[in-house]
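The sequence shown maps to residues 1 to 344 in full-length UniProt numbering.
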Amino acid sequence: MNRLYRKNFLKELDFAPADLEYLITLAARLKAAKKARREPQLMKGLNIALLFEKDSTRTRCSFEVAAHDQGAHVTYLGPTGSQVGKKESMADTARVLSGFFDGIEYRGFGQDIVERLAQYASVPVWNGLTNEWHPTQLLADMLTMTECTGKPLKGLTMAYLGDARYNMGNSLMVGCAMLGVNFRSVAPKSLWTSDEVFALAQEQAARSGAVIERTEDVDKGVEGCDFLYSDVWVSMGEPDSVWKERIELLTPYRVTGEVMDKTGNPECRFLHCLPAFHNRETTIGEQIYQKYGVECMEVNDEVFESDRNAAFLEAANRMHTIKAVMVATLAEEDIDEALTRAGF
Ligand code: CP
Ligand code: NVA
Numbered sequence: 001m002n003r004l005y006r007k008n009f010l011k012e013l014d015f016a017p018a019d020l021e022y023l024i025t026l027a028a029r030l031k032a033a034k035k036a037r038r039e040p041q042l043m044k045g046l047n048i049a050l051l052f053e054k055d056s057t058r059t060r061c062s063f064e065v066a067a068h069d070q071g072a073h074v075t076y077l078g079p080t081g082s083q084v085g086k087k088e089s090m091a092d093t094a095r096v097l098s099g100f101f102d103g104i105e106y107r108g109f110g111q112d113i114v115e116r117l118a119q120y121a122s123v124p125v126w127n128g129l130t131n132e133w134h135p136t137q138l139l140a141d142m143l144t145m146t147e148c149t150g151k152p153l154k155g156l157t158m159a160y161l162g163d164a165r166y167n168m169g170n171s172l173m174v175g176c177a178m179l180g181v182n183f184r185s186v187a188p189k190s191l192w193t194s195d196e197v198f199a200l201a202q203e204q205a206a207r208s209g210a211v212i213e214r215t216e217d218v219d220k221g222v223e224g225c226d227f228l229y230s231d232v233w234v235s236m237g238e239p240d241s242v243w244k245e246r247i248e249l250l251t252p253y254r255v256t257g258e259v260m261d262k263t264g265n266p267e268c269r270f271l272h273c274l275p276a277f278h279n280r281e282t283t284i285g286e287q288i289y290q291k292y293g294v295e296c297m298e299v300n301d302e303v304f305e306s307d308r309n310a311a312f313l314e315a316a317n318r319m320h321t322i323k324a325v326m327v328a329t330l331a332e333e334d335i336d337e338a339l340t341r342a343g344f
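Here it is as structure tokens:
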């Protein structure tokens, strides 16, 4: 039986570090097989539910394309139009959907909601983003880092600049610690990753050898880095009223050409889970400009529109890594054997 068969993936720590490594390698093999148009279909005839209580471009498209590539079908339930939450509890929804589907993706608010869904579902549940964790994004980030450097993850160094208390700050800190990537949260103290998550990461680092740090100092934080990572300053579900304070707090942490140069590493690449506020070409970007006079937020166009930006490769890797998660938890056939037979 495949090692992750019928398991949930609700946060990085649901799996062992070796399982995350396995998923990254599996994603690379599936990616190569798709490129060669010789992908073995290991999810034929399965049905997947995509439950989104927040908006999405990458995560939804990744689940849909990955399922189609693998011979499965998807049903999308968006923030409106179903009974979920309003007339039907998560516990009831879980039991209903388990009667129709072979796997359930959930994107929404608190981690407790996806945990409850998984508790009551009798099929695998995958977290497509909660306020606390974004584990499928972490897998895509790690695959991208190996592709960009051609090096093993162990020993690479990343700094995350921005609001470090939220899903990406948490997932990157714990995920890097598990996989041996040195990681620095670079943020004003009030937006640091919580002590609780920091302690979880330190436990992992004690085994993997990664160095995990929190600092307010941009110069020290980015020095020697292989990757600088950034995310939006205000996340989905946060009130508009926090924009002003967030802009004031985080403007010194914007990733600019000067900050990239401060790494001292000409090979340093920029990563971002996307979407990014790097110009005024979005409704919110323009509104923020009109209100606060800032042309961009977490990254400027000097970096975003340069060949140092690896965020689009990272976005494409969402699909391959999400495919790996679904295949690993749903395929009944021996995955390794099927891929080896196909030449991958
Ligand atoms: N990075 C990410 O999760 O993107 P979406 O919000 O578009 O899914
Ligand atoms: N922190 C962001 C991530 C988006 C992929 C959010 O939660 O909105």
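We treat Cβ as the ideally placed atom computed from N, Cα and C, and that holds for glycine.
Beta-carbon proximity check, R6 vs S56, cutoff 8 angstroms
Position 6 of the sequence shown, counting from 1, holds the residue named residue 6. Position 56 of the sequence shown, counting from 1, holds the residue named residue 56. No. Outside cutoff.
Taking all protein chains shown into account, do 16 or more other C-beta atoms lie within 10 angstroms of the C-beta of H68, making it buried, or fewer, making it exposed?
As a first step, residue 68 is located in the sequence shown; it is residue number 68 there, counting from the start. With fewer than 16 Cβ atoms within 10 Å of its Cβ, H68 is classed as exposed.
With a 10 Å radius around its C-beta and 16 neighbouring C-beta atoms as the bar for buried, classify P135 as buried or exposed.
One-based indexing of the sequence shown puts residue 135 at position 135. Under this definition P135 is a buried residue.
If we ignore side chains and look at the alpha-carbon of each, how far apart do D102 and K31 end up?
The count along the sequence shown starts at 1 and reaches residue 102 at position 102. The count along the sequence shown starts at 1 and reaches residue 31 at position 31. If you take the alpha carbons of D102 and K31, they lie about 23 angstroms apart.
If you draw a straight line from the C-alpha of D301 to the C-alpha of N279, how long is it?
As a first step, residue 301 is located in the sequence shown; it is residue number 301 there, counting from the start. As a first step, residue 279 is located in the sequence shown; it is residue number 279 there, counting from the start. Cα-Cα distance, rounded: 7 angstroms.
What is the rounded straight-line gap between the Cα of K44 and the Cα of M158?
The residue you call residue 44 lines up with position 44 of the sequence shown. The residue you call residue 158 lines up with position 158 of the sequence shown. Going from the Cα of K44 to the Cα of M158 covers about 38 angstroms.
Pairs of beta-carbons, one from the segment 148-158 and one from the segment 113-120, closer than 8 angstroms: are there three or more?
no
Inter-residue Cα distance where the pair is L330 and Y76:
Position 330 of the sequence shown, counted from the first residue, corresponds to residue 330. Position 76 of the sequence shown, counted from the first residue, corresponds to residue 76. Rounded to the nearest angstrom, the two C-alpha atoms are 19 angstroms apart.
If you draw a straight line from the C-alpha of P40 to the C-alpha of A316, how long is it?
Locating residue 40 in the sequence shown gives position 40, counting from the first residue. Locating residue 316 in the sequence shown gives position 316, counting from the first residue. When rounded, the distance between both Cα atoms is 20 angstroms.
When S171, G180, R37, E216 are compared against E196, the one with the closest alpha-carbon
Indexing the sequence shown from 1 puts residue 196 at position 196. Checking every option, the nearest Cα to that of E196 belongs to S171.
Alpha-carbon spacing of E248 relative to L138, whole angstroms:
Start at 1 with the first residue of the sequence shown, and residue 248 comes out as number 248. Start at 1 with the first residue of the sequence shown, and residue 138 comes out as number 138. When rounded, the distance between both Cα atoms is 28 angstroms.
Taking 7 angstroms as the line, does the beta carbon of L129 fall inside it for any heavy atom of the ligand NVA?
Here residue 129 refers to the residue found at position 129 when the sequence shown is read from its first residue. L129 Cβ: within cutoff of the ligand NVA.
Answer yes or no: the CB of Q137 versus the heavy atoms of the ligand CP, is any distance below 7 angstroms?
Position 137 of the sequence shown, counting from 1, holds the residue named residue 137. Checking every heavy atom of the ligand CP against the Cβ of Q137, one is found closer than 7 angstroms.
Is any heavy atom in the ligand CP found nearer than 7 angstroms to the beta carbon of L274?
The residue you call residue 274 lines up with position 274 of the sequence shown. L274 Cβ: within cutoff of the ligand CP.
Three-state secondary structure (DSSP) at residue 358?
Outside the displayed span of the chain (1 to 344) sits residue 358, for which this structure offers no information.
Enclosing beta strand (DSSP E) for T340 [first to last residue]
Residue 340 sits at position 340 when you count from the first residue of the sequence shown. Careful: T340 lies outside any beta strand (DSSP E), inside the alpha helix (DSSP H) at 335-341.
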